[in-house]
Amino acid sequence: MGILAVGGEVDKTIYSGQLDERIYQPEGGAVQSMPDVAKAPAKVLSKDERIAVGKSIYSSTCQPCHQADGKGIANSFPPLAGSDYFKGNATKAINPIVHGLSGNITVNGKTFNGIMPKQSLSDEEIANVVTFILNSFGNEGGAVTPAQVLATRKSSNK
Ligand code: HEC
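Heads up: the sequence shown runs through residues 597 to 754, numbered per my numbering.
Below is the structure:
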């Protein structure tokens, strides 16, 4: 480091006289301070918000197999539309997403023997997408919380 000696009138428009020692710290000009206010906890979504967010998760994640109308594809992908498989038991809709599903199942009188891989979605995302499904495609309604998804994730019971 050198010393620069400057003489003459002080021109505050060029140099205010204020020193900032931080540029001499190892982080240099990139010194950042952490915000001292803790981030607000994630907002708990209302049912309508879950349906709206869940719709877009459905389009990007489930739709390639279960189709835009939720009717699936005969002999390959079972319908979510009016499905009697998870009717009255949302856990049966959560389960294939967190654990995957394979082997013979019967949905609305038709047998399927395919493989659904478990989906890498967060509890929050799964709560949203299942709430969307329960309230779409002629299904009977209802709502799912992330806590319910976590409970299903922890149980190996299919
Ligand atoms: C790669 C294709 C694929 C994707 C992606 C997929 N599934 Fe499935 N899903 C299947 C198959 C195949 C079965 C039937 C498995 C069997 O026959 O045992 C199934 C079964 C189900 C069932 C139970 C049966 C029924 O029709 O009610 C539900 C509920 C379900 N999937 C929901 C979802 C949701 C929600 C998503 C998105 C988060 C999703 N699936 C993504 C292929 C897929």
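Note that beta-carbon positions come from the ideal geometry of N, C-alpha and C, so glycine has one too.
- As DSSP reads the structure, S698 sits in a beta bridge with I711.
- Beta-carbon to beta-carbon, G684 and S732 are separated by about 17 angstroms, too far to satisfy the 8 angstroms threshold.
- Taken through DSSP and simplified to helix, strand or coil, I669 comes out as strand.
- Distances from the alpha-carbon of N671 to those of L697, S751, G696, K706 put K706 closest.
- At a Cβ-Cβ threshold of 7 angstroms, I669 and T748 do not count as neighbours.
- Separation of N735 and D680 (C-alpha to C-alpha, rounded to the nearest whole angstrom) is 9 angstroms.
- V740 carries a coil assignment under DSSP once its states are collapsed to helix, strand and coil.
- In this structure, V640 has its CB at a distance of at least 6 angstroms from all heavy atoms of the ligand HEC.
- Relative to the non-hydrogen atoms of the ligand HEC, the Cβ of T657 comes within a distance shorter than 6 angstroms of at least one.
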